[in-house]
């Protein structure tokens, strides 16, 4: 499917954790926290609580042969590195996230509060191109909104992970900038289900009745970008009231 648009009610605290199969949220939040910190090493992500970068950093044959790879667990210039240290052609770096947080904290929206991970000029310097590559924040009064764009998504396996990150990113940015969260809009350009996943999706998951959405809570002591960078852990996030159907083991396709 081309152009799938999803909306998450962050204002109403309706956390989009899939209920038609047992789903997990901690790895998604840990990965987002690593992006916020600008991490470029799979070991740092493991310390936060996720192994999502182990394979790309250490088992990708093309990356293992890449002269830009700095050794075990190195991911290169991907995701958070671009968000926190985008290389300028005249030297130096741009901290995109810092600029956005500073602007929003002052009530400023220049219609360009965009965090962009997609840098074709440095694809050869990283182990993976970004899938969800753009996060555009907008202020309307004192309410913060988010438009996130994703180029590709394996719906049965990846969508739940990405939904969690879009929701949490708006919730946490609103909290550290002193704004009220509004809606988060998630655009997926190419949303797909692989043939070996179709039967489970059609005949099992889609026939289950969705259950009530849980709530997501963030430690109110987290008040700044520095808090996220220095001491916040998964223990500072909590999901309340999550109930689900039985797990479904979808095959992974490459």
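Numbering (the numbering used here), first residue to last: 1156 to 1409.
Even glycine gets a Cβ: it sits at the ideal position worked out from N, Cα and C.
Query raised in the report: Is it right to say residue 1318 is buried, meaning 16 or more other beta carbons lie within 10 angstroms of its own, or is it exposed?
Result: Position 163 of the chain shown, counting from 1, holds the residue named residue 1318. The residue in question, residue 1318, is buried, as its Cβ has 16 or more Cβ neighbours within 10 Å.
Requested in this report: Sort out for me which residues DSSP pairs residue 1196 with in a bridge.
Outcome: Numbered from 1 along the chain shown, position 41 holds the residue referred to as residue 1196. According to DSSP, residue 1196 bridges with 1229.
Query raised in the report: How would you label residue 1336, buried or exposed, when you count the other beta carbons within 10 angstroms and need 16 or more for buried?
Result: Numbered from 1 along the chain shown, position 181 holds the residue referred to as residue 1336. With 16 or more Cβ atoms within 10 Å of its Cβ, residue 1336 is classed as buried.
Requested in this report: With residue 1338 as the anchor, note down where its beta strand (DSSP E) starts and where it stops.
Outcome: Locating residue 1338 in the chain shown gives position 183, where the first residue counts as 1. 1335 to 1347 is the span of the beta strand (DSSP E), which, as asked, contains residue 1338.
**Report entry** Min CB distance residue 1216 to chain C below 8 Å
**Finding:** Reference to chain C is not applicable here, since this structure consists of a single protein chain.
Query raised in the report: Would the region 1264 to 1275 and the region 1210 to 1220 be scored as touching if the rule is three or more Cβ pairs under 8 Å?
Result: These segments do not touch.
Report task. Compare the beta carbon distance of residue 1410 and residue 1216 with 8 Å and say whether it is the shorter of the two. Result -> Absent from the model: residue 1410. The displayed extent of the chain is 1156 to 1409, so no value can be given.
Query - C-alpha distance - residue 1172 paired with residue 1368, whole-angstrom precision - result: As a position in the chain shown, residue 1172 is number 17, starting the count at 1. As a position in the chain shown, residue 1368 is number 213, starting the count at 1. Each residue's Cα considered, the two are about 7 Å apart.
Query raised in the report: Apart from the five residues just before and just after residue 1405, which ones in its own chain have a Cβ nearer than 7 Å to its Cβ?
Result: Indexing the chain shown from 1 puts residue 1405 at position 250. Correct list, in chain order: 1311, 1312, 1352, 1355.
Query raised in the report: To the nearest angstrom, how far is it from the Cα of residue 1331 to the Cα of residue 1301?
Result: Within the chain shown, residue 1331 is the residue found at index 176, counting from 1. Within the chain shown, residue 1301 is the residue found at index 146, counting from 1. So the two alpha carbons sit approximately 15 Å from each other.
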